[in-house]
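Heads up, the sequence shown is in my numbering, so the first residue is 40 and it goes up one at a time.
Think of the CB as a built atom: it goes at the ideal place given N, C-alpha and C, for glycine as much as any other residue.
Note that the structure is predicted; figures quoted are calculated from it, not measured.
For reference, the structure is listed below as C-alpha cells.
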Amino acid sequence: MKKLILTTVILSVIFFSFIPPKSKKLTKILKGSWAFVPAGEVNLENIKQTTSDFYISKTEITNLEYITFLNAIKNTPEYDKALPDTTVWSRHGNIYNGYQNQYFRYPGFRMYPVVGVSFEGANLYCKWLESQINSQLQAPERVKVKLPTEAEWTIAALGGKSKAMYPWGSPYLKNGKGKFLANFRSEEKIKNPKGNILTNEVSSFYPNEYGIFQMSGNVSEMIENQNITKGGSWNSEGNYLEISNRQVIQYPSNEVGFRPVLILSNN
C-alpha cells in the first residue's frame with residue numbers, strides 16, 4: 040500500500056513537472072491588468088455550461104488604451120474600421136452633444152471606458168492586444184485574447200458566488216451606508232440637479248471577489264454573441280445590472296464598451 044502511494048506521488052510530480060511554468064514576463068503582464076478566474080460552471084437558459092481557467096481584464100477598456108491601439112494601426116486597412124463612432128453622443132439629446140468632440144480624445148476622459156466601438160472594432164482590438172502580448176513571449180508560450188463567451192462573462196461576474204444577483208454579492212444596489220454600488224440610471228440621480236448621469240472612471244466602486252471592477256453598470260459589455268451585451272450601463276435601470284440579465288443592443292452605442300478575456304494557449 041505504501042509503495043502504491045509513493046508511486047502515485049512520484050508520477051504526480053513527474054506529470055506536473057511537464058506543465059511549463061509561466062515566464063516572468065507573462066507573470067508580470069498578468070499581474071498588471073488581468074484577473075484570474077478559475078474554471079467554473081453556470082446554467083444559462085437551463086443549459087449547463089463550463090469554462091476552463093481564464094483571465095479577464097480587471098477593467099473595461101479605456102479611451103487611452105483604445106487610442107494606443109488606434110495609433111499602432113494607423114497605417115493599416117483596419118484603422119477606419121476600428122475608429123469609434125463619436126456621434127453616438129448626439130443620440131441622447133442636446134445635453135450630451137458636447138461629448139461628441141470631447142469624450143474620446145479629451146485627456147480628462149482617458150480612464151473612462153471607450154464607447155461607440157463596433158463589434159468588429161472590439162475584435163480587432165483583441166487581435167492586436169494578443170499580438171502585442173505574444174510578441175513579448177518566447178514560443179511555445181502563447182496567449183489568446185478575445186471577447187468573452189456569455190458563460191465566461193457570467194462566471195467572472197459572479198466572483199465565486201454561484202447565486203449572486205450582482206457582482207458585489209449583495210442583492211441590493213446600495214451598501215449599508217446608503218451609497219450606490221454601481222453606476223446606473225437611478226431616480227435619485229435624475230432628480231438631483233448635480234447628478235452625474237454619465238460613465239465614470241473604470242476603476243470606480245469596489246471590485247468583486249476576483250478583483251474585477253464594474254462588471255455591472257458604467258457600460259454594458261460586448262460578448263462573443265454579436266448585439267448581446269451584459270451588465271447594464273450608466274443609462275440602464277437597476278434591474279438591467281443583474282448578472283443573469285442580457286441586453287439586445289444595436290451598437291455602436293454610448294452605453295456599450297467591452298473587456299477582453301485572455302487564455303493561456305499552453306494550458
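When we look at the beta-carbon of G137 and count the other beta-carbons within 10 Å, is it buried (16 or more) or exposed?
-> Against the sequence shown, residue 137 aligns to sequence position 98. With fewer than 16 other Cβ atoms within 10 Å, it is exposed.
Quick one: what does DSSP say V287 is sitting in, helix, strand or coil?
-> Residue mapping note: residue 287 aligns to position 248 of the sequence shown, counting from 1. Looking at V287 - three-state DSSP - the assignment turns out to be strand.
For L197, which residues of its own chain have a beta-carbon under 7 Å away from its beta-carbon, when the five flanking residues on both sides are left out?
-> The count along the sequence shown starts at 1 and reaches residue 197 at position 158. These residues qualify, in order along the chain: A203, I282.
Nonlocal neighbours in the same chain, by C-beta distance under 7 Å from L176, ignoring five residues either side | Along the sequence shown, one-based indexing puts residue 176 at 137. These residues qualify, in order along the chain: S62, K64, L65.
Nearest-angstrom Cα distance between Y105 and T98?
-> Numbered from 1 along the sequence shown, position 66 holds the residue referred to as residue 105. Numbered from 1 along the sequence shown, position 59 holds the residue referred to as residue 98. Distance between the alpha carbons of Y105 and T98: 13 Å.
Let me know if L186 comes out buried or exposed under the rule of 16 or more other beta-carbons within 10 Å of its beta-carbon.
-> If you number the sequence shown from 1, residue 186 lands on position 147. So L186 counts as buried.
Would you mind reading off the limits of the alpha helix (DSSP H) that contains A121?
-> On the sequence shown, position 82 is the one that residue 121 refers to. Run containing A121: 117-121, per the alpha helix (DSSP H) assignment.
Count the other CB atoms, across all protein chains shown, that sit within 10 Å of the CB of R298; report buried if there are 16 or more and exposed otherwise.
-> Taking the first residue of the sequence shown as 1, we reach residue 298 at position 259. Its Cβ being crowded by 16 or more others within 10 Å, R298 is buried.
Does the segment 156-175 come close enough to the segment 237-257 that 3 or more CB-CB pairs lie under 8 Å?
-> no
For A74, the first and last residue of its enclosing beta strand (DSSP E) | Start at 1 with the first residue of the sequence shown, and residue 74 comes out as number 35. It spans 73-76 - the beta strand (DSSP E) in which A74 sits, taken as one unbroken run.
Could you pull the start and end residues of the beta strand (DSSP E) that E80 belongs to?
-> Taking the sequence shown and counting its residues from 1, the one referred to as residue 80 is at position 41. Taken as a continuous stretch (DSSP letters only), the beta strand (DSSP E) holding E80 covers 79-83.
Quick one: what's got a C-beta closer than 7 Å to C165's C-beta in the same chain, skipping five residues either side?
-> As a position in the sequence shown, residue 165 is number 126, starting the count at 1. Only V184, K185, L186, P299 meet the Cβ criterion.
Close-in-space but distant-in-sequence residues of the same chain around N82 (CB under 8 Å, 5 per side omitted) = Here residue 82 corresponds to residue number 43 of the sequence shown, with the count starting at 1. The residues are Q88.
Residue closest to T268, alpha-carbon to alpha-carbon, out of Y145, S96, V287, K200 = Looking up residue 268 in the sequence shown gives position 229. Measuring from the Cα of T268, the nearest candidate turns out to be V287.
For Q88, name the three-state secondary structure that DSSP assigns.
-> Position 49 of the sequence shown holds residue 88. DSSP places Q88 in strand when its eight states are reduced to three.
Do G199 and P77 have their C-beta atoms within less than 9 Å of each other?
-> Reading the sequence shown from its first residue, position 160 is the one you call residue 199. Reading the sequence shown from its first residue, position 38 is the one you call residue 77. Yes, these two residues count as a Cβ contact at 9 Å.
Taking just the CA atoms, how far does E169 sit from T115?
-> Taking the first residue of the sequence shown as 1, we reach residue 115 at position 76. Taking the first residue of the sequence shown as 1, we reach residue 169 at position 130. T115 and E169: Cα-Cα distance of roughly 17 Å.
Cutoff 6 Å; reference P246; Cβ partners in own chain excluding five residues on either side | Within the sequence shown, residue 246 is the residue found at index 207, counting from 1. The answer, listed in chain order, is F252.
Determine the burial state of R285: buried for a count of at least 16 other Cβ atoms within 10 Å of its Cβ, exposed for fewer.
-> Residue mapping note: residue 285 aligns to position 246 of the sequence shown, counting from 1. Answer is buried; the Cβ neighbour count reaches 16.
Grouping DSSP H, G and I as helix and E and B as strand, with all else coil, what is T268?
-> For the purposes of this step, residue 268 is taken as residue 229 along the sequence shown, with counting starting at 1. It is a strand residue.
Can you grab the Cα-Cα spacing for the pair P60 / S275, in whole Å?
-> The count along the sequence shown starts at 1 and reaches residue 60 at position 21. The count along the sequence shown starts at 1 and reaches residue 275 at position 236. So the alpha carbons of these two residues sit roughly 43 Å apart.
Buried or exposed for S304, please, with buried defined as at least 16 other CB atoms from any protein chain shown within 10 angstroms of its CB.
-> Within the sequence shown, the letter at position 265 stands for residue 304. S304 comes out exposed.
Do K120 and S157 have their C-beta atoms within less than 9 Å of each other?
-> In the sequence shown, counting from the first residue as 1, residue 120 sits at position 81. In the sequence shown, counting from the first residue as 1, residue 157 sits at position 118. For K120 and S157, yes; Cβs fall inside 9 Å.
CA nearest to the CA of P123, picked from P152, Y135, F223, G147 | Sequence index remark: in the sequence shown, residue 123 carries index 84 (1-based). Per the Cα distances, P152.
Nearest residue (CA-CA) to L109, options E84, Y145, W167 | Within the sequence shown, numbered from 1, the residue matching residue 109 stands at position 70. Of the candidates E84, Y145, W167, the one whose C-alpha sits nearest the C-alpha of L109 is W167.
Exposed or buried, which one is A190 when buried takes at least 16 other CB atoms within 10 Å?
-> Stepping through the sequence shown from its first residue, residue 190 is reached at position 151. Under this definition A190 is a buried residue.
Among S174, M261, S201, the one whose alpha carbon lies nearest that of I68 = Here residue 68 corresponds to residue number 29 of the sequence shown, with the count starting at 1. Nearest C-alpha to I68: S174.
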